[in-house]
Structures are given as C-alpha cells and as structure tokens.
Ligand SMILES: NC(=O)c1ccc[n+]([C@@H]2O[C@H](COP(=O)([O-])OP(=O)(O)OC[C@H]3O[C@@H](n4cnc5c(N)ncnc54)[C@H](OP(=O)(O)O)[C@@H]3O)[C@@H](O)[C@H]2O)c1
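In the numbering used here, the protein residues as written are 110 to 348.
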C-alpha cells in the first residue's frame, strides 16, 4: 500500500513558532525532519519516527550538507519551512550583533533556500515557506540588520517564486510575515497584538494548505503592514 503521509522539514524547530508548528504538523500526521542547535528541546518527537538533526544555519557549508542529507534520509520532502532566525535589540548598534543577525537571517537563510529549491526542481514539486516579519516592510532603529534581513528574505522568496513560475513546475513559495508572537524573541515594552505560538502556527498551517504567496500572522497585522508601507517618516520614526 502506498504511504501517502506528507513529509515536511522545519529548520528552527526547537522553540517558539517553529516548535508550535512542528507539534501541529505532527498532529496532522506529517512525517517530520526537525532541526536547530538545541536538539534536546525536540526530544519529544523522537518516539514518533521523526528525524531530528543538529544544525547551525550560520555555518553554511555544514548546514547545506545537513539539509541535503536530511532530505535524502526522508526520501524527499513536500514542504520545507525556513523558520530559524534571530534578532536582539541593544541600547546601541553593535557590529557583532548586526553581523550575527545577517549570518543567520540572510546568509544562513539563502544557503538553505537554494538547497530546498534545487530539491523541489529535481523532484518536480514542493513548497518552500520562509518566516519573514512585518519588520521587512520598513527599516527599524536599534537593530537595523533585523528589519533589513527580513526585507532580504521576503525579496529573495519573491525571486524564487518567479523562478518557480518560469520552471512551469508546481512549486509554491510562501512568505509569512508575523507581527508579535509570544516567544523569546519578542522583547520590549511596546509590543501589542501578541499572538500565542500555537495561534501563529495554526494560521501558518492555513496559509500552507492554501498555498498562499503571502500571509500576515495574525491576519490583522496586514493593517500594520499596509500602514508601514504608506505612512510618512515623520509619523513612523518619532523620537
Ligand atoms: N516572535 C515574534 O514576535 C516574531 C515576529 C516576526 C518574525 N519572527 C520570526 O519568527 C521566527 C521564529 O522565531 P520565534 O519568535 O519563534 O523565536 P525563538 O523561539 O527564539 O525561535 C528561533 C528559532 O530559530 C532557531 N535558530 C536561531 N538561530 C539559529 C542558528 N544559528 N542555527 C539554527 N537555528 C537557529 C532557534 O533554534 P536554536 O536556538 O535551538 O538553534 C529556534 O528554533 C524567526 O525567524 C523570527 O525572526 C518572530
């Protein structure tokens, strides 16, 4: 009897949004490949026949190789979610912090997106999901590399979508833009409309099922996205 179980990989599945999405996909009977640096946080999936692998996405030679091997081990996959990301606001801009964010969110992301895209082209189908941010829409002070890195990620996905269309293959590319989600990454006093990781995961899953090009998480963040695109600098960048 053929095994119709869907197969998905999540990069950055140890906590927050990635972990909640892993739990949701497992409950939907997906066969999972999960990755992150803190592998002990994914121990709960080991009994379910899922694949757990350590990866630091900033180490691109090694992370690309690890993803290739994981895909092979799983006999090909239908869905790859590139969720790993970092960002840490500091009182003043520090190059080490900026560089680390670029290494993970830009270089690390593109290194894995190319592996995923090549796999889907060879296989003839697939679905790539990148976790960007509402921050992608406009530059932000404090940690400018974060907003800029998410702008890169969203723009990169748009480019891959163009290549997917030109290939004529059924390869979907989804750009997810969360607002605030209650995870270790959501810091500061001025946060609002904060969603639980579980709610974020449910809405991401809905966007995946519909093979959406873009989705704001939660949906009302589309309003903030629209405002960020339109408001003048003197309104957005008040002292
Ligand atoms: N929370 C929000 O308000 C919010 C808003 C917009 C967008 N996002 C985006 O959502 C994504 C998930 O973040 P989160 O909020 O769920 O925060 P989180 O709980 O801190 O999760 C971050 C995930 O990324 C992984 N990661 C970070 N650096 C990595 C590295 N060098 N190599 C491999 N994996 C790495 C972490 O795994 P390890 O540490 O175990 O390696 C963890 O699984 C990020 O891309 C973030 O930018 C979050």
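Just so it is clear, CB atoms sit at the ideal spot from N, CA and C, and this is done for glycine as well.
For residue j and residue i, the rounded distance between their alpha carbons
i, j, result
"residue 154", "residue 247", "37 Å"
"residue 204", "residue 168", "18 Å"
"residue 320", "residue 282", "8 Å"
"residue 118", "residue 142", "4 Å"
"residue 267", "residue 327", "21 Å"
"residue 159", "residue 135", "9 Å"
"residue 349", "residue 338", "Absent from the model: residue 349. The displayed extent of the chain is 110 to 348, so no value can be given."
"residue 182", "residue 176", "10 Å"
"residue 172", "residue 307", "27 Å"
"residue 140", "residue 315", "18 Å"
"residue 313", "residue 121", "15 Å"
"residue 234", "residue 273", "10 Å"
"residue 250", "residue 303", "21 Å"
"residue 152", "residue 226", "28 Å"
Sub-8 Å separation of residue i and residue j beta-carbons
i, j, result
"residue 240", "residue 192", "yes"
"residue 208", "residue 245", "no"
"residue 69", "residue 126", "Since the first residue shown for the chain is 110 and the last is 348, residue 69 is missing from the structure and cannot be characterised."
"residue 219", "residue 237", "no"
"residue 224", "residue 261", "no"
"residue 128", "residue 311", "no"
"residue 196", "residue 265", "no"
"residue 115", "residue 188", "yes"
"residue 334", "residue 243", "yes"
Residue burial classification, residue i (beta-carbon count within 10 angstroms, cutoff 16)
i, result
"residue 317", "buried"
"residue 325", "buried"
"residue 110", "Here residue 110 scores only 45 on pLDDT, less than 50, and its place in the model is too uncertain to base an answer on."
"residue 166", "buried"
"residue 293", "exposed"
"residue 365", "Residue 365 lies beyond the range of the chain shown here (110 to 348); nothing can be said about it."
"residue 156", "exposed"
"residue 130", "buried"
"residue 345", "exposed"
"residue 163", "exposed"
"residue 258", "buried"
"residue 340", "exposed"
Interface flag, residue i vs chain D, CB-CB below 8 Å
i, result
"residue 128", "Given the protein chain composition of this structure (a single chain), no chain D is represented."
Cβ distance (whole Å) where residue i is taken to contact residue j below 8 Å
i, j, result
"residue 180", "residue 228", "5 Å"
"residue 276", "residue 230", "6 Å"
"residue 270", "residue 322", "7 Å"
Which complete beta strand (DSSP E) runs does the region 253-333 hold, if anything under 3 residues is left out? 280-287, 323-326
Output the residue ranges of the alpha helix (DSSP H) runs that lie fully inside the region 114-169 and measure 4 residues or longer, sorted by chain position. 125-136
Residue ranges of each alpha helix (DSSP H) within the region 192-265, 4 or longer: Contiguous alpha helix (DSSP H) elements confined to the region 192-265 occur at 204-210, 218-232, taking only those with 4 or more residues.
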